[in-house]
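Below is one structure, written out as structure tokens; the observations come after it.
There are 2 protein chains.
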Amino acid sequence: MPEYMTPFTTMINLTNGVIPNAVVVQKRYLKDMEGLFADSRAEDAEMINNPLLYEVHEATNNPMEEGQLRYSTTTIYPGKVGGEYYFTRGHYHEIGNRAELYMGLAGEGYLLLMTPDGEINVQHMTPGAMSYIPPFWAHRTINIGKENFVFFSCYPSDAGYDYESIVDKGFAQIVVEQDGKPTLLPNPKWTK
Amino acid sequence: MPEYMTPFTTMINLTNGVIPNAVVVQKRYLKDMEGLFADSRAEDAEMINNPLLYEVHEATNNPMEEGQLRYSTTTIYPGKVGGEYYFTRGHYHEIGNRAELYMGLAGEGYLLLMTPDGEINVQHMTPGAMSYIPPFWAHRTINIGKENFVFFSCYPSDAGYDYESIVDKGFAQIVVEQDGKPTLLPNPKWTK
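Residue numbers (this note's numbering), protein chains in the order written: chain A, 1 to 192; chain B, 193 to 384.
Put into structure tokens, the structure is as follows:
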């Protein structure tokens with residue numbers, strides 16, 4: 001008789017994204033994001049405080065096998081570095097054709113997406129916004145509000161992460177506060 | 193340059209599961225479930241009323257391709273047929289190794305699972321319960337409460353549905369109200 005994986009349930013707080021029994025909690029500080037903000041001088045100045053930018057609560061460590069799913073919540077704290085709103089590092093999937101689904105739970109954010117050709121797309125996320133990351137798009141999330149921006153993610157377990165392409169080249173655009181509003185500008189550091 | 197699918201956002205009401213721009217709304221009445229309840233006489237007697245048992249709101253019709261995801265909400269209304277709580281038809285995935293994730297949004301339910309060998313597992317779902325359906329398990333949901341039971345689903349787009357195995361053989365157990373409580377009993381109609 002084959003061995004079947006045992007079903008299980010993990011609780012999530014739907015209003016603040018907390019997963020009390022998360023298997024992994026990753027915290028990302030500014031030091032983990034060195035070189036990613038467009039304004040290098042502002043980034044250097046903030047490094048002494050080394051603020052916590054965001055954390056990810058993984059609900060499971062389901063096997064990285066085709067057909068399985070993983071799911072997590074991300075909380076991005078409010079804040080800016082040189083006018084640029086706090087964001088997640090962002091990545092492509094290692095297996096490029098793997099999609100991902102986000103669901104806004106609290107606060108307000110942008111989902112910034114980019115094709116390998118450098119085409120940019122932005123989705124505005126509020127609580128209840130289910131934003132779809134189609135295959136092949138790099139994705140980064142950005143807190144454009146004054147509260148925590150919290151969202152839920154679900155993705156194929158075998159998707160994998162390619163962070164290096166983003167560390168090396170960045171996204172083609174950045175999101176900066178101008179006249180009190182989030183504004184998309186060309187990223188001076190970006191190379192195609 | 194390759195064609196990339198365009199990212200998009202669909203809104204969901206996180207408290208009642210309504211997706212105002214659902215691409216498909218499926219309504220399942222008792223007539224659609226003929227022969228699935230254990231008490232055939234009670235089922236026949238209720239058929240004249242033909243109550244609405246549940247509805248599914250599909251958020252997207254994303255391509256049925258490997259790597260893509262689909263997501264939906266299901267509302268099961270409160271009610272019973274011969275003591276057996278209203279349930280969804282239930283299915284295996286056509287591609288057996290495709291998992292699925294449920295997230296409780298409102299009300300209270302059971303997620304009833306079964307392996308091809310007839311092993312049964314039950315997950316209790318309340319708002320915020322993320323219940324994982326591992327590869328190869330048939331799955332059915334049951335409203336064991338007095339309010340609507342609402343949950344969100346996310347699954348690989350290419351999973352497909354095998355309803356026939358359940359229509360032919362049912363689940364090995366049924367969920368019946370006894371002494372005011374949901375109780376698992378052997379299904380008299382079940383054949384292995």
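Even for Gly, the Cβ is constructed at its ideal location relative to N, Cα and C.
*Per DSSP, which one or two residues make a beta bridge with Met125(A)?*
Gly109(A)
*Quick one: what's got a C-beta closer than 8 Å to Thr15(A)'s C-beta in the same chain, skipping five residues either side?*
Leu105, Ala106
*asked:* Between Thr202(B) and chain A, is the shortest Cβ-Cβ distance under 7 Å, so that the two count as touching?
replied: yes
*Between the Cα of Phe171(A) and those of Leu36(A), Pro7(A), Gly17(A), spot the shortest distance and give me the residue it belongs to.*
Leu36(A)
*If Gly394(B) and Lys384(B) are in contact, beta carbons under 8 Å, what's the gap, nearest whole angstrom?*
Nothing in the structure corresponds to residue 394(B), since chain B is present only between 193 and 384.
*Given a cut-off of 7 Å, decide if Val216(B) and Glu250(B) are closer than it, judged by their beta-carbon atoms.*
yes
*Would you please verify whether the beta carbon of Gly145(A) is less than 7 Å from any beta carbon of chain B?*
no
*Give a yes or no on whether the minimum CB-CB distance between Phe279(B) and chain A is below 7 Å.*
no
*Note down the Cα distance separating Ile174(A) from Met33(A), rounded to an integer number of angstroms.*
15 Å
*Inspect the beta-carbon positions of Phe151(A) and Tyr324(B) and report whether they are closer than 7 Å.*
no
*Ala330(B) (DSSP reduced to helix, strand or coil)*: strand
*Within 7 Å, strictly: CB atoms of Arg290(B) and Gly67(A)*: yes
_I need the DSSP call for Glu238(B), collapsed to helix, strand or coil._
helix
*Given that a residue counts as buried once 16 or more other Cβ atoms are within 10 Å of its Cβ, and exposed if not, what is Leu111(A)?*
buried
_Same chain, Cβ closer than 8 Å to Glu94(A), five either side skipped, listed in chain order_ = Ala159, Gly160, Tyr161, Asp162
_In the DSSP output, which residue or residues are listed as bridge partners for Pro348(B)?_
Leu261(B)
*Alpha carbon to alpha carbon, how far is Glu100(A) from Arg140(A)?*
12 Å
*asked:* Please report whether the beta-carbon of Arg70(A) lies at a distance below 7 Å from any beta-carbon of chain B.
replied: no
*So, does the CB of Ala99(A) fall closer than 7 Å to a CB anywhere in chain B?*
yes
*So what does Ile174(A) bridge to, in DSSP terms?*
Leu185(A)
*Can you tell me whether DSSP reads Asp354(B) as helix, strand or coil?*
strand
*If you follow the beta strand (DSSP E) that Phe8(A) is part of, which residue opens it and which one closes it?*
8–11
*Sequence-distant residues of the same chain with beta carbon closer than 7 Å to Gln218(B), five excluded per side*: Glu247, Val248
*For the region 233–262 of chain B, which residues have a CB atom closer than 8 Å to at least one CB atom of chain A, in sequence order?*
Ala251, Thr252, Asn254, Glu257, Glu258, Gly259, Gln260, Leu261
*Where does Leu222(B) fall in DSSP's three states?*
helix
*With DSSP run on the structure shown, which of helix, strand or coil describes Val359(B)?*
helix
_chain A contact for Thr307(B) (CB, 7 Å cutoff)_ = yes
*Write down the C-beta distance between Pro327(B) and Met5(A) rounded to the nearest angstrom, noting that I regard them as a contact closer than 8 Å.*
7 Å
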